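If you're matching them up, the sequences are chains A and B in order. Once you know that position 383 of the first sequence is 382 in numbering that gives the first Met the number 0, the rest is easy, because the numbers rise by one and skip nothing. Once you know that position 570 of the second sequence is 569 in numbering that gives the first Met the number 0, the rest is easy, because the numbers rise by one and skip nothing. Note that beta-carbon positions come from the ideal geometry of N, C-alpha and C, so glycine has one too. The structure presented is a predicted model; accordingly, all values stated were derived computationally and were not measured.
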Amino acid sequence: MPAVSAEDWRNGGFGLYVHWPFCQAKCPYCDFNSHVSREIDQTAWVRDYLSELRRTAAETPGRVLNAIFFGGGTPSLMAPETVAAVIDAARSHWPFANDIEITLEANPGSVEAGRFAGYRDAGVNRISMGVQALNDADLRRLGRIHTVAEARAAFDIARACFDRVSFDLIYARQEQNLADWQAELRQALSMAVDHLSLYQLTIEQGTAFGDRYNAGKLRGLPDDDLAADMYFATQEICEAAGLPAYEVSNHARPGAESRHNLIYWHYGDYIGIGPGAHGRISIAGQRFATECHRAPGLWTQAVAVGSGESVRTVLSPQDQANEYLMMGMRLKEGLDMGRFAALYGAPLPAERMDYLSDLGMIEVDGNRLMVTEDGWPILNAIIRELLAG
Amino acid sequence: MTELSHIRNFSIVAHIDHGKSTLADRLIQETGTVQDRDMKEQLLDAMDIERERGITIKANTVRLDYKADDGETYILNLIDTPGHVDFAYEVSRSMRAVEGSLLVVDSTQGVEAQTLANVYQAIDADHDIVPVFNKIDLPASDVSRVAEQVEDVIGIDASGAIAVSAKTGQGIHEVLESIVAHLPAPKGERDAPLKAMLVDSWYDAYLGVIVLVRIMDGVLKKGERIKMMSNGSVHHVDRIGVFRPQMQPVDELGPGEIGFLTASIKQVRDTRVGDTITHEKKGCETPLPGFKPAQPVVFCGLFPVDSAEFEDLRDAIEKLALNDASFSYEMETSAALGFGFRCGFLGLLHLEVIRDRIEREYNIELITTAPSVVYHIYMKDGTMQELHNPADMPDLTYVDHLEEPRIKATILVPDEYLGDVLKLCQDRRGLQEDLSYAGPRAMVVYDLPLNEVVFDFYDRLKSVTKGYASFDYQMMGYRQDNLVKMQILVNDEPVDALSVMVHRDRAELRGRAMVEKLKDLIPRHMFKIPIQAAIGGKVIARETLSALRKDVTAKCYGGDATRKRKLLEKQKAGKKKMRQFGKVEIPQEAFISALKMDS
Ligand SMILES: Nc1nc2c(ncn2[C@@H]2O[C@H](COP(=O)(O)OP(=O)(O)O)[C@@H](O)[C@H]2O)c(=O)[nH]1
Ligand SMILES: C[S@@+](CC[C@H](N)C(=O)[O-])C[C@H]1O[C@@H](n2cnc3c(N)ncnc32)[C@H](O)[C@@H]1O
Ligand code: SF4
Numbered sequence: 000m001p002a003v004s005a006e007d008w009r010n011g012g013f014g015l016y017v018h019w020p021f022c023q024a025k026c027p028y029c030d031f032n033s034h035v036s037r038e039i040d041q042t043a044w045v046r047d048y049l050s051e052l053r054r055t056a057a058e059t060p061g062r063v064l065n066a067i068f069f070g071g072g073t074p075s076l077m078a079p080e081t082v083a084a085v086i087d088a089a090r091s092h093w094p095f096a097n098d099i100e101i102t103l104e105a106n107p108g109s110v111e112a113g114r115f116a117g118y119r120d121a122g123v124n125r126i127s128m129g130v131q132a133l134n135d136a137d138l139r140r141l142g143r144i145h146t147v148a149e150a151r152a153a154f155d156i157a158r159a160c161f162d163r164v165s166f167d168l169i170y171a172r173q174e175q176n177l178a179d180w181q182a183e184l185r186q187a188l189s190m191a192v193d194h195l196s197l198y199q200l201t202i203e204q205g206t207a208f209g210d211r212y213n214a215g216k217l218r219g220l221p222d223d224d225l226a227a228d229m230y231f232a233t234q235e236i237c238e239a240a241g242l243p244a245y246e247v248s249n250h251a252r253p254g255a256e257s258r259h260n261l262i263y264w265h266y267g268d269y270i271g272i273g274p275g276a277h278g279r280i281s282i283a284g285q286r287f288a289t290e291c292h293r294a295p296g297l298w299t300q301a302v303a304v305g306s307g308e309s310v311r312t313v314l315s316p317q318d319q320a321n322e323y324l325m326m327g328m329r330l331k332e333g334l335d336m337g338r339f340a341a342l343y344g345a346p347l348p349a350e351r352m353d354y355l356s357d358l359g360m361i362e363v364d365g366n367r368l369m370v371t372e373d374g375w376p377i378l379n380a381i382i383r384e385l386l387a388g
Numbered sequence: 000m001t002e003l004s005h006i007r008n009f010s011i012v013a014h015i016d017h018g019k020s021t022l023a024d025r026l027i028q029e030t031g032t033v034q035d036r037d038m039k040e041q042l043l044d045a046m047d048i049e050r051e052r053g054i055t056i057k058a059n060t061v062r063l064d065y066k067a068d069d070g071e072t073y074i075l076n077l078i079d080t081p082g083h084v085d086f087a088y089e090v091s092r093s094m095r096a097v098e099g100s101l102l103v104v105d106s107t108q109g110v111e112a113q114t115l116a117n118v119y120q121a122i123d124a125d126h127d128i129v130p131v132f133n134k135i136d137l138p139a140s141d142v143s144r145v146a147e148q149v150e151d152v153i154g155i156d157a158s159g160a161i162a163v164s165a166k167t168g169q170g171i172h173e174v175l176e177s178i179v180a181h182l183p184a185p186k187g188e189r190d191a192p193l194k195a196m197l198v199d200s201w202y203d204a205y206l207g208v209i210v211l212v213r214i215m216d217g218v219l220k221k222g223e224r225i226k227m228m229s230n231g232s233v234h235h236v237d238r239i240g241v242f243r244p245q246m247q248p249v250d251e252l253g254p255g256e257i258g259f260l261t262a263s264i265k266q267v268r269d270t271r272v273g274d275t276i277t278h279e280k281k282g283c284e285t286p287l288p289g290f291k292p293a294q295p296v297v298f299c300g301l302f303p304v305d306s307a308e309f310e311d312l313r314d315a316i317e318k319l320a321l322n323d324a325s326f327s328y329e330m331e332t333s334a335a336l337g338f339g340f341r342c343g344f345l346g347l348l349h350l351e352v353i354r355d356r357i358e359r360e361y362n363i364e365l366i367t368t369a370p371s372v373v374y375h376i377y378m379k380d381g382t383m384q385e386l387h388n389p390a391d392m393p394d395l396t397y398v399d400h401l402e403e404p405r406i407k408a409t410i411l412v413p414d415e416y417l418g419d420v421l422k423l424c425q426d427r428r429g430l431q432e433d434l435s436y437a438g439p440r441a442m443v444v445y446d447l448p449l450n451e452v453v454f455d456f457y458d459r460l461k462s463v464t465k466g467y468a469s470f471d472y473q474m475m476g477y478r479q480d481n482l483v484k485m486q487i488l489v490n491d492e493p494v495d496a497l498s499v500m501v502h503r504d505r506a507e508l509r510g511r512a513m514v515e516k517l518k519d520l521i522p523r524h525m526f527k528i529p530i531q532a533a534i535g536g537k538v539i540a541r542e543t544l545s546a547l548r549k550d551v552t553a554k555c556y557g558g559d560a561t562r563k564r565k566l567l568e569k570q571k572a573g574k575k576k577m578r579q580f581g582k583v584e585i586p587q588e589a590f591i592s593a594l595k596m597d598s
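Shown next as structure tokens:
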């Protein structure tokens, strides 16, 4: 029985994303909404976050909260009291699921590590740490301000404080060859607890790397063939180590998947607060995409007069179907074709499906549609074939 | 009506950018024809596209009243002629309507290929010629060197040349005096039956077709009934006048005068340029020696990117054709591109101008297929047929031989680039006819197949000479050669819109170049795609476009949903604009870009 469109979000659950827009230094590849600021008035941020929680909770009363995610920027620059205040306020607004997951993104510096116990006491139960590389030369190239030794130390502290600790690596870096990456990945797996995010370096426009790339000065990036080979090698090695991919770039021991991120890929509802945060909320039969002011100063001013939100658009059935397709196809488990049809009002295009399955890019299992091993590295091309409209 | 002795009719011939339009503006200003405050830069270049490309496409004309130093007032009729080689025919017909020319040469540059081509047309039309050396305000100006060139290269007397600056106005008065003193007055009989030359015509939304005429004999008046001698059609003249440069009605046009008429004519096609116009009753007996009708020499297919826009395209093409008798079209269907039109043009510039206008003024995105010249196919049964489209090449068993059009190309080039130019011409199957020097520059004359020139010869020439060469050509007729049709197969399916005619000896080279180009132009697909060039089923070049290896978004979380969705949707919309050939999508620009040769 396909979900009724108005309640479709229930298929994915309900989460809260809190954006902290500050970092100690800007990394040259990063296009996240992050700013370097000397003075951060934590009490003012608590005030603003709480105000936004009141506003958004009023629209979503009684919903059970499945996950909270503190993302950034560098949320490990937040005072543990700030984090505690946000979690406490959330608890006062929404009933928490028994197994609620509360993740905080951390940078692996020594200062941050000193706050881990405080975060745990505030209610955080999962850490996602941006290790990025396991050799110092590459960390410097990535503009990171920590060393491998510092990262390992921070990671050990995190493990001591939390049961669930994940970390991120960026690969397909400049001058990296297949063997380098395989060796580095094996090292990473020996450190890993139960979750790993492995991202191929993306050159984003508007970043320092983007500018250098456009000027033809970012040399030694792997070509598509090498990048695809690295991707396949990653799948194989992680699978063998018991951390298979459950999403394009995310690996976990079964059961240890990030619940918050699954809300995105299951196309659930999520509140987004903080500068630049996006949300998806279903209200009275309609699904909205929300967006907050990006600049921290603007956001604060807007919150002071009632709402940090800058954009709210209704998502059409086609928009929703396409978002579900784009998100759902990222998962190994694939998507529910009946749900797509219910959202869009029409099934996925049969002729395109035949074309893709003849090429061995997708497979169908009952009501589920999945990308094959061969399809993963060209997922965007597959999605383009299936998009509605 | 004006005494013949007080009329001078002339045109200006020049290489592009030597200052023809600026000089015309200055003449208009100096004679007070237009008040300074009304003076728009380059009055005679009206259309947008002309302005942008800095060329004059349609011949325009203006009548100037000039009070000369001798105290008499003269009427000076200036006909502005197109400068580009594609429109050489329009130049030639305008030339026959006047008796003299100003030969404008940029004194900082010297004689160029277009100067030569145009001045020879003026000489052919028996013009008296006054050389005008322009841009003397510039430090690089060298009047005596240019005078020498004009005498040596063109072979006309430069002693009466006038040095001017069309920019500052210096020398303009002398130009006007020289027109009066050195150009001949027209001849003609006022009492003879009307004999007028149809010099040009164009469509105006309010007035219908406007016809530019030169009266040879007799008098034309408003309200009269006139006859086109080529087909006997009769029209009622509802307006006559002159251009100053805006339209001004007059009571009559007498011998030697140039002006316009309107006669509720709906289509430019009904007014054949070169035709003789006379009165319906008591007309003249013999027409003027006729002008040849303009012949399209380059053909290509124009297809709407969105096939739903076919009717819009038909509408646009019909409207444009109303105003441009030299542009031809007929419906074409292509297996891959659907419905469109096979269109004929005077040359590549003409093609580009029309294509731009359709895209811009009518907002229709187009796929343009490989331009082709007109081949003559001689069949075994002795008949000849014209081939406008390589896709229509008949079965070879019935074909005896093929002929292709050739041109005579004149290229002027600084000698340090001479070697590159000779190599380019040889590579394009050229036969050298002449090589001489005009000062520090070489003048090269080549007999070349039009087919090799039509597409990108001029671009290549500019690039190998860093823009220092000038180029012009004229059509020379047909010659037999070893020509074959080369097909392109993408994923084993022939793509008719990519078929081209090539010389057998050059086929491998062209084939390899095309498949290499296509390999870059076609985006990678989910499977590998063989791209082949073949002649009659035999593959002569082959490339393989490997399968798409990587296209995936590494990070996609809540904040990315909107942006990433819109990006994918946009890319999908882009895909829709590509054409599907079997399982392969080919972007529209590939059809033209695939033909560009890098050498
Ligand atoms: N300095 C200088 N520039 C001139 C003169 N005459 C024309 N030009 C410039 O030369 C360029 C080409 O002139 P234009 O009249 O458009 O040339 P056309 O292509 O022959 O019609 C323009 O930028 C003019 O402003 C001149 O006497 N002196
Ligand atoms: C929101 S970021 C920030 C986390 C934290 N501030 C840090 O840098 O450690 C989350 C992750 O995205 C990944 N990431 C950011 N920019 C990337 C890029 N251009 N290409 C690939 N991965 C990127 C990094 O692995 C990073 O840890
Ligand atoms: S990668 Fe992390 S630390 Fe670096 S600028 Fe982005 S958010 Fe900040």
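- Task: Let me have the residue list for ligand 3: C-beta closer than 6 Å to any non-hydrogen atom, ordered along the chain.
- Result: Here the residues come out as C22(A), K25(A), C26(A), C29(A), F31(A), S33(A), G71(A), G72(A), T73(A), N106(A) and G129(A).
- Less than 7 Å between the CB of D136(B) and some heavy atom of ligand 1, yes or no? D136(B): yes, Cβ under 7 Å from ligand 1.
- Query: Using a C-beta cutoff of 8 Å, does S248(A) count as contacting chain B?
  - Reply: Interface criterion met: the Cβ of S248(A) is under 8 Å from a Cβ in chain B.
- Message: Give me the DSSP bridge partner(s) of H34(A).
- Response: In DSSP, H34(A) forms a bridge with F21(A).
- Message: Could you check whether the Cβ of S164(B) sits closer than 7 Å to any heavy atom belonging to ligand 4?
- Response: In terms of ligand content, the structure shown lacks ligand 4 and carries ligand 1, ligand 2 and ligand 3 instead.
- Any heavy atom of ligand 2 within a distance shorter than 7 Å of the CB on T201(A)? Yes.
- Taking 8 Å as the CB-CB cut-off, is A240(A) touching chain B? Chain B, which has no Cβ nearer than 8 Å to the Cβ of A240(A), makes this no.
- Would you check whether ligand 1 has a heavy atom nearer than 7 Å to the C-beta of S20(B)? Because some heavy atom of ligand 1 lies under 7 Å away, the Cβ of S20(B) counts as near it: yes.
- Determine the direct distance from the alpha carbon of D491(B) to that of A334(B), and round the result to whole angstroms. Spanning the alpha carbons of A334(B) and D491(B) requires a straight line of approximately 15 Å.
- Looking at the unbroken beta strand (DSSP E) that takes in R405(B), where does it start and where does it end? R405(B) -> beta strand (DSSP E) spans V398 to P413.
- Take the Cβ of G216(B) as the centre, count every other Cβ of all protein chains shown within 10 Å, and call the residue buried at 16 or more, exposed below. Contrary to the premise, residue 216(B) reads as Asp rather than Gly in this sequence. D216(B) comes out buried.
- Item | Proximity of E51(A) and G307(A) at Cβ, strictly below 8 Å | Judged by beta-carbon spacing, G307(A) lies within the 8 Å limit of E51(A), meaning their Cβ atoms are closer than that value.
- Query: T55(A) lies in the alpha helix (DSSP H); which residues open and close that run?
  - Reply: Where T55(A) is concerned, the enclosing alpha helix (DSSP H) stretches over Q41 to E58.
- Task: Run the proximity test for N133(B): is its beta-carbon closer than 7 Å to any non-hydrogen atom belonging to ligand 1?
- Result: Yes; taking the cut-off as 7 Å, the Cβ of N133(B) has a heavy atom of ligand 1 nearer than that.
- Query: Fully enclosed by the stretch 449–476 of chain B, which alpha helix (DSSP H) runs are 4 residues long or longer?
  - Reply: Listed in chain order, the complete alpha helix (DSSP H) runs (minimum 4 residues) inside the stretch 449–476 of chain B are 449–453 and 456–463.
- Task: Could you work out which residue in E176(B), V145(B), K134(B) and E150(B) is closest to S164(B) when comparing CA atoms only?
- Result: Distance check between S164(B) and each of E176(B), V145(B), K134(B) and E150(B) places K134(B) closest, using alpha-carbon atoms only.
- Message: Give me the DSSP bridge partner(s) of S625(B).
- Response: Since the first and last residues shown for chain B are 0 and 598, residue 625(B) lies out of range.
- CA-to-CA distance, D305(B) to A84(A), given in whole angstroms: Computed Cα separation, rounded: 57 Å.
- Task: Label G284(A) either buried or exposed according to how many other C-beta atoms from any shown protein chain fall within 10 Å of its C-beta, with 16 as the threshold for buried.
- Result: It counts as exposed.
- Query: Any heavy atom of ligand 1 closer than 7 Å to the Cβ of H172(B)?
  - Reply: For H172(B), the Cβ stays outside the 7 Å cut-off from all heavy atoms of ligand 1.
- Query: Could one say the Cβ of E100(A) lies closer than 8 Å to chain B's Cβ atoms, at least one of them?
  - Reply: No, E100(A) does not count as interfacial toward chain B.
- Message: Does chain A have any CB closer than 8 Å to the CB of K569(B)?
- Response: Taking Cβ atoms only, chain A never reaches closer than 8 Å to K569(B), which makes this a no.
- Task: Could you tell me whether the Cβ atoms of A184(B) and L3(B) are closer together than 8 Å?
- Result: A Cβ-Cβ contact shorter than 8 Å links A184(B) with L3(B).
- Taking C-alpha atoms, which residue in L355(A), G271(A), R163(A) and G273(A) lies nearest to G122(A)? With distances taken between Cα atoms, G122(A) lies closest to R163(A).
- Query: From the beta carbon of V489(B), is the nearest beta carbon of chain A less than 8 Å away?
  - Reply: Not one chain A Cβ lies under 8 Å of V489(B).
- Message: On the DSSP letters alone, give me the boundaries of the alpha helix (DSSP H) that F69(A) sits inside.
- Response: Under the DSSP assignment, F69(A) falls outside any alpha helix (DSSP H), being part of the beta strand (DSSP E) whose first and last residues are L64 to G71.
- Message: On the DSSP letters alone, give me the boundaries of the alpha helix (DSSP H) that E317(B) sits inside.
- Response: Boundaries of the alpha helix (DSSP H) around E317(B): F309 to L321.
- So is G11(A) in contact with chain B if we call contact Cβ pairs under 8 Å? So, not an interface residue.
- Message: Between the alpha carbons of L411(B) and Q473(B), how many angstroms are there, rounded?
- Response: The alpha-carbon of L411(B) is positioned some 15 Å away from that of Q473(B).
- L488(B) to V453(B) span [Cα, whole Å]: For L488(B) and V453(B), the distance between alpha carbons rounds to 24 Å.
- Message: Counting only Cβ-Cβ distances shorter than 8 Å, please list the residues of the stretch 316–329 of chain A near chain B, keeping chain order.
- Response: Going along the stretch 316–329 of chain A in chain order, one finds D318, N321, E322, M325, M326 and R329 with a Cβ nearer than 8 Å to chain B.
- Message: Within 10 Å of its beta-carbon, does V444(A) have 16 or more other beta-carbons around it, so buried, or fewer, so exposed?
- Response: Outside the displayed span of chain A (0 to 388) sits residue 444(A), for which this structure offers no information.
- Task: Spell out a yes or no on whether the stretch 183–199 of chain A and the stretch 249–267 of chain A are touching, meaning 3 or more CB-CB pairs, one atom from each, closer than 8 Å.
- Result: Judged by Cβ distances under 8 Å, the stretch 183–199 of chain A makes contact with the stretch 249–267 of chain A, as three or more pairs qualify.
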